[in-house]
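Working notes, structure below.
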Amino acid sequence: MQPRHFISLLDLSSAELHTLIQRAIQLKTHRDPNYQPFKGKVLAMIFEKSSTRTRISFEAGMAQFGGSALFLSPRDTQLGRGEPLEDSA
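According to this note's numbering, the residues represented by the sequence shown are 60 to 148, in order.
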């Protein structure tokens, strides 16, 4: 199955967007501390530009769902020296 990218709201149908929002509401209002779908998973985040709210939101979300997140700056990786993202990944 090919991965889908969510870059813009236009990438989702109206029904998909509605389902996504409803699921987010469910997860937010019925928080179950035992629900840890990301347990043992690590999210690596790379931002070309500073993004405080996005970074904190993803770190908090990963922690709430049992995972962890790490931030990789282009300055701290080979990405800042021209290495392709695919190679770093």
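C-beta atoms are modelled at their ideal positions from N, C-alpha and C, and glycine is treated no differently.
From a predicted model like this one, the values you see are computed outputs, not experimental measurements.
DSSP places I66 outside both helix and strand once states are collapsed to three, so it counts as coil. In this structure, P96 and F124 form a Cβ contact; the two beta carbons are roughly 6 Å apart against a cut-off of 8 Å. Per DSSP, reduced to three states, the secondary structure at L102 is strand. For S72, no beta strand (DSSP E) run applies, since DSSP gives it neither H nor E.
Between the C-alpha atoms of I115 and M104 there is a straight-line separation of about 11 Å. If you compare the alpha carbons of R90, E107, Q85, A119 with that of V101, the shortest gap goes to A119.
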